[in-house]
Amino acid sequence: MLTRYKPATVAPPSSNFCHGVAVEGAGRWLHMSGQVGCTQDGTLASGADGQMRQCWRNILAIAADAGMGRDNLVKVTAYITDASLIAVYREARDEILEGYECASTLVVVDALAHPDWVVEIEAIAAA
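Counting along the sequence shown from 1, when you hit position 24 you're at 16 in my numbering, and nothing is skipped either side.
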């Protein structure tokens, strides 16, 4: 159902993602709203690494609630508030997703909707 693309005619990805993902056949799509690093009770996880890992846990929990999982992720877009957090973001993503690759965009922004948030991740999955 999902085919990943890393054409030889395009520079290789700079980290663990692929350039494109095609969804084939009749399937269900799940568009997930931007997730921030808040736990189930609304508490903000501690530190940038904690927030990033919690974002990914939230995404996987939403996917699971829809009967999907990591392998159904098609595209993620992440927003971080400081370029110095890129390595932290990638480490958290790679650990939580266990190296799974989907289409991915990472954007550094001046701020998010709450001053204590350092990351927000939205995702699209298909099954």
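Yeah, the Cβ is synthetic: ideal placement off N, Cα and C, and Gly gets one too.
As the structure is a computational prediction, the values presented were derived from the model and not from experiment.
{"Asked": "Pairwise C-alpha distance: G19 and V80", "Found": "34 Å"}
{"Asked": "Proximity below 8 Å, CB of L(-6) to CB of A40", "Found": "no"}
{"Asked": "Whole-angstrom C-beta distance between G12 and E112, which should lie under 8 Å", "Found": "At roughly 23 Å, the Cβ-Cβ gap does not stay under 8 Å, so E112 and G12 are not in contact."}
{"Asked": "Identified DSSP bridge partners for K67", "Found": "A95 and I116"}
{"Asked": "Within the region 6 to 54, ranges of the beta strand (DSSP E) (whole runs, at least 3 residues)", "Found": "12 to 15 and 21 to 27"}
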